[in-house]
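This report concerns only the one structure given below.
Chains as they are written, first to last, in the working numbering: chain F, 117 to 304; chain U, 9 to 134.
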């Protein structure tokens, strides 16, 4: 087996055709017209607004836009939520484990850096709320799409690899001086 | 200050803590706080404990919040307990379905303590 194949196998692969959230006992409601595509809009702007809203209300912090990157941004903590329905894609948020623990601590009303389990839980929930807020902002998406339960990945040297190869949008912010990025990958 | 025995249902433990804190910030004295991470666990707790208020997420593993409400309303002793859905699913279809199944109210995440106060406290008796 060649080295390229080994490297591919070590990557974290996320297929963007996300399953609808919830269990087999989910309610019977279905979107009235799930095949109707949403109207085009400024996806990146709506993603940014949803992100800022979540951090201001649930984390209690205003994000700022970093003016310049003084060092390479190497995130080792990511959360993702799939969107499936009239729009298919993936919302993900990336930062460092230190920043994720700090976000968890802020959400829980503590000044101390939170525990790892809290960070995973909180970061996944932040991503969940961003994805939910994003689709709530766009006409036709709130009822036309389902979102998955969050998935959190942490550790060094992983790559999220989109099989959809669709449109990609990213917003970068600074949270208490630490960088985080929020991305939207749309199904091609 | 109103007192209440409360059940919070969410697969996120962080979110359960935040909701509990928001209730206290809203001026509610929580005399008993029960937590469940899915609808199935919540049903068991609701059958075994007298409750004044339930706050439930929708998207959860094993049994989601909508199915939880539907089954809860089939339990005679639980038919009058106010159930507020707290969820990222903000579509009108979800709201209508939740209310049709027996939910008493709906709050979209992210939420403020003020929203909890406005929509939860009036539903409590006493």
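Every residue, glycine too, gets a C-beta built ideally from N, C-alpha and C.
Should residue i and residue j be called a contact, given that it needs their Cβ atoms to be closer than 9 Å?
i, j, result
"residue 234 of chain F", "residue 22 of chain U", "yes"
"residue 192 of chain F", "residue 212 of chain F", "yes"
"residue 219 of chain F", "residue 244 of chain F", "no"
"residue 27 of chain U", "residue 89 of chain U", "no"
"residue 179 of chain F", "residue 300 of chain F", "no"
"residue 189 of chain F", "residue 295 of chain F", "yes"
"residue 209 of chain F", "residue 275 of chain F", "no"
"residue 260 of chain F", "residue 202 of chain F", "yes"
"residue 80 of chain U", "residue 13 of chain U", "no"
"residue 66 of chain U", "residue 95 of chain U", "yes"
"residue 5 of chain U", "residue 44 of chain U", "Since the first residue shown for chain U is 9 and the last is 134, residue 5 of chain U is missing from the structure and cannot be characterised."
"residue 103 of chain U", "residue 63 of chain U", "no"
"residue 86 of chain U", "residue 59 of chain U", "yes"
"residue 71 of chain U", "residue 51 of chain U", "yes"
"residue 121 of chain U", "residue 33 of chain U", "yes"
"residue 265 of chain F", "residue 69 of chain U", "yes"
In the DSSP assignment, find the beta strand (DSSP E) that holds residue i and state where it starts and stops.
i, result
"residue 61 of chain U", "61 to 64"
"residue 48 of chain U", "Taken as a continuous stretch (DSSP letters only), residue 48 of chain U belongs to no beta strand (DSSP E), being part of the alpha helix (DSSP H) at 47 to 56."
"residue 13 of chain U", "11 to 17"
"residue 44 of chain U", "37 to 44"
Would you mind reading off the limits of the alpha helix (DSSP H) that contains residue i?
i, result
"residue 179 of chain F", "Taken as a continuous stretch (DSSP letters only), residue 179 of chain F belongs to no alpha helix (DSSP H), as it is neither H nor E."
"residue 92 of chain U", "No alpha helix (DSSP H) contains residue 92 of chain U, which is instead part of the beta strand (DSSP E) from 91 to 95."
"residue 87 of chain U", "Note, residue 87 of chain U: premise wrong, no alpha helix (DSSP H); not H, not E."
According to DSSP, simplified to helix, strand and coil, what is residue i?
i, result
"residue 133 of chain F", "In this prediction, residue 133 of chain F has a pLDDT of 33, which is less than 50 and means its spatial position is unreliable; nothing more can be read from the coordinates."
"residue 119 of chain U", "coil"
"residue 30 of chain U", "helix"
"residue 190 of chain F", "coil"
"residue 208 of chain F", "strand"
"residue 162 of chain F", "helix"
"residue 217 of chain F", "helix"
"residue 329 of chain F", "What the structure shows of chain F is the stretch from 117 to 304, and residue 329 of chain F is not part of that stretch, so it cannot be assessed."
"residue 196 of chain F", "strand"
"residue 111 of chain U", "coil"
"residue 73 of chain U", "helix"
"residue 168 of chain F", "helix"
"residue 106 of chain U", "helix"
"residue 80 of chain U", "helix"
"residue 201 of chain F", "strand"
"residue 139 of chain F", "Only weak support is given to the placement of residue 139 of chain F: the predicted model assigns it a pLDDT of 32, under 50, and the value that follows is read from those uncertain coordinates. Residue state, collapsed to three classes: coil."
"residue 99 of chain U", "coil"
"residue 23 of chain U", "helix"
"residue 132 of chain U", "coil"
"residue 147 of chain F", "Note that residue 147 of chain F scores 39 on pLDDT, short of 50, meaning its location in the model is unreliable; the coordinates nonetheless yield the value given after this. Three-state result, residue 147 of chain F: coil."
Give the single residue among the options whose Cα lies nearest to the Cα of residue i.
i, options, result
"residue 47 of chain U", "U:76, U:92, U:87", "U:76"
"residue 15 of chain U", "U:9, U:67, U:55", "U:55"
"residue 93 of chain U", "U:130, U:68, U:106", "U:106"
"residue 269 of chain F", "F:194, F:187, F:166", "F:194"
"residue 175 of chain F", "F:301, F:190, F:239", "F:239"
"residue 184 of chain F", "F:226, F:298, F:289", "F:289"
"residue 100 of chain U", "F:215, F:161, F:252, F:273", "F:252"
"residue 247 of chain F", "U:121, U:117, U:122", "U:117"
"residue 162 of chain F", "F:223, F:172, F:293, F:287", "F:287"
"residue 196 of chain F", "F:277, F:224, F:221, F:283", "F:277"
"residue 90 of chain F", "U:11, U:24, U:9, U:61", "For residue 90 of chain F there is no data in the structure shown, the boundaries of chain F being 117 and 304."
"residue 82 of chain U", "U:111, U:65, U:63, U:97", "U:111"
"residue 216 of chain F", "F:242, F:165, F:281, F:255", "F:242"
"residue 73 of chain U", "U:58, U:34, U:39, U:19", "U:19"
"residue 173 of chain F", "U:51, U:30, U:87, U:38", "U:30"
"residue 284 of chain F", "F:267, F:297, F:302, F:272", "F:302"
"residue 130 of chain U", "U:71, U:87, U:113", "U:113"
"residue 170 of chain F", "F:222, F:265, F:255, F:272", "F:222"
"residue 293 of chain F", "F:265, F:182, F:165, F:204", "F:182"
"residue 198 of chain F", "F:271, F:267, F:291", "F:267"
"residue 160 of chain F", "F:254, F:291, F:231, F:271", "F:254"
"residue 104 of chain F", "F:177, F:291, F:204, F:272", "No answer is possible for residue 104 of chain F: the residues shown for chain F start at 117 and end at 304."
"residue 291 of chain F", "F:214, F:271, F:273, F:231", "F:214"
Run through chain B and tell me which residues come within less than 8 Å of residue i, C-beta to C-beta.
i, result
"residue 55 of chain U", "Protein chains F and U are contained in the structure displayed, whereas chain B is not."
Quick one: is the Cβ of residue i within less than 8 Å of any heavy atom of the ligand ADP?
i, result
"residue 197 of chain F", "With respect to small molecules bound, the structure shown includes none, and the ligand ADP cannot be examined in it."
Any chance you could list the beta strand (DSSP E) runs of at least 3 consecutive residues sitting entirely within the region 224 to 303 of chain F, in chain order? If we require 3 residues or more, the beta strand (DSSP E) runs fully inside the region 224 to 303 of chain F come out as 261 to 263, 267 to 270, 276 to 278, 284 to 291, 294 to 302.
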